[in-house]
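Visitor: Letter 98 of the sequence shown, counting from 1, is numbered 98 in full-length UniProt numbering, and no numbers are missing.
Glycine residues also receive a C-beta, built at the ideal position from the N, C-alpha and C atoms.
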Amino acid sequence: MSPRGPAPARTVLIYRNGDSFFPGRRFLVTPRRFPTFESFLDEVTKALHTPLAVRNLYTPRHGRGVTGLGDLRDGGQYVAAGSERLRKLEYRCLAVLPTSHGWGNPGSSRALGCFSCSVFRNGDLLSPPFPLELPKRIPLQWDTLLATLTEKVELGSGAVNKLCRLDGTPVCAGEELEHGQHYVAVGKEEYKPLPYWELLVPQECRTWGYV
Numbered sequence: 001m002s003p004r005g006p007a008p009a010r011t012v013l014i015y016r017n018g019d020s021f022f023p024g025r026r027f028l029v030t031p032r033r034f035p036t037f038e039s040f041l042d043e044v045t046k047a048l049h050t051p052l053a054v055r056n057l058y059t060p061r062h063g064r065g066v067t068g069l070g071d072l073r074d075g076g077q078y079v080a081a082g083s084e085r086l087r088k089l090e091y092r093c094l095a096v097l098p099t100s101h102g103w104g105n106p107g108s109s110r111a112l113g114c115f116s117c118s119v120f121r122n123g124d125l126l127s128p129p130f131p132l133e134l135p136k137r138i139p140l141q142w143d144t145l146l147a148t149l150t151e152k153v154e155l156g157s158g159a160v161n162k163l164c165r166l167d168g169t170p171v172c173a174g175e176e177l178e179h180g181q182h183y184v185a186v187g188k189e190e191y192k193p194l195p196y197w198e199l200l201v202p203q204e205c206r207t208w209g210y211v
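#1: If I measure Cβ to Cβ from T150 and keep anything under 6 Å in the same chain, skipping five residues before and after, which residues do I get?
#2: Given a cut-off of 8 Å on the beta-carbon distance, is the pair L69 and F37 in contact?
#3: Report the rounded CA-to-CA distance for I14 versus G65, giving the unit in angstroms.
#4: Applying the 10 Å Cβ sphere with the 16-neighbour rule, what's the burial state of G82?
#5: What's the C-alpha gap between T148 and F40?
#6: From this set, F130, P128 and K192, which residue's C-alpha is nearest C164's C-alpha?
#7: Could you pull out every residue in the same chain whose Cβ sits closer than 6 Å to the Cβ of L126, ignoring the five residues on either side in sequence?
#8: Out of curiosity, what's the CA-to-CA distance linking P8 and E176?
#9: Over what stretch of residues does the beta strand (DSSP E) that includes K162 continue unbroken?
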């Protein structure tokens, strides 16, 4: 009988327990990177900036506990918690639920008179898009918007120099942004045409179609 090969690499999406504004963080799990479940939990604690150490992972819908790396499935979504109980929220679609005007965070943006869209990081297929909300009634200078994006997106290449649509065409002014749509934040480098939407937006959040 031939020996069993190494465990395959898996990509999982982790949310913060009870945080309805956190879009989740994607992790690539391999035996070399995380030899033990405890080492993975330590990395989740650092990456999610949780106030207390992460000691438990739960499935978001049924609240089943994850007891080891072997329980993680490729493409799975989990909620990170300390010693507290799981707070059940609709974690899976918090940042990308459909609205009557397209896609975005439907929570309170329209009620508060805000413009909402979602932004991917250029070349990053591990981090989900983050929601960007802007006041409708207050015009925002384009340089100010790019500075805001720089603070939020934390590109590895540095400051955000431009914002592109998913087809790579640049957005040149705030008036061109559409409520509920997705964009890509780009630094000094060229726009990287990758399947951001297909890989980083959960399937159940795309069943209504993309407009």
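Guide: Considering the structure as presented:
#1: Here residue 150 corresponds to residue number 150 of the sequence shown, with the count starting at 1. Answer for T150: A159 and V160, listed in chain order.
#2: Taking the sequence shown and counting its residues from 1, the one referred to as residue 69 is at position 69. Taking the sequence shown and counting its residues from 1, the one referred to as residue 37 is at position 37. Contact: yes.
#3: Working through the sequence shown from its first residue, we reach residue 14 at position 14. Working through the sequence shown from its first residue, we reach residue 65 at position 65. Cα to Cα, I14 sits roughly 13 Å from G65.
#4: Looking up residue 82 in the sequence shown gives position 82. G82 is exposed by the Cβ-count criterion.
#5: Along the sequence shown, read from residue 1 onward, the residue named residue 148 stands at position 148. Along the sequence shown, read from residue 1 onward, the residue named residue 40 stands at position 40. Those two C-alpha atoms are separated by around 31 Å.
#6: Start at 1 with the first residue of the sequence shown, and residue 164 comes out as number 164. Of F130, P128 and K192, the residue nearest in Cα terms is K192.
#7: Translated into the one-based positions of the sequence shown, residue 126 becomes position 126. Excluding sequence neighbours, L126 sits near R26.
#8: The residue you call residue 8 lines up with position 8 of the sequence shown. The residue you call residue 176 lines up with position 176 of the sequence shown. The straight-line gap from Cα to Cα measures roughly 43 Å.
#9: What you label residue 162 is simply residue 162 of the sequence shown in a count that begins at 1. Unbroken beta strand (DSSP E) run through K162: K162 to R165.
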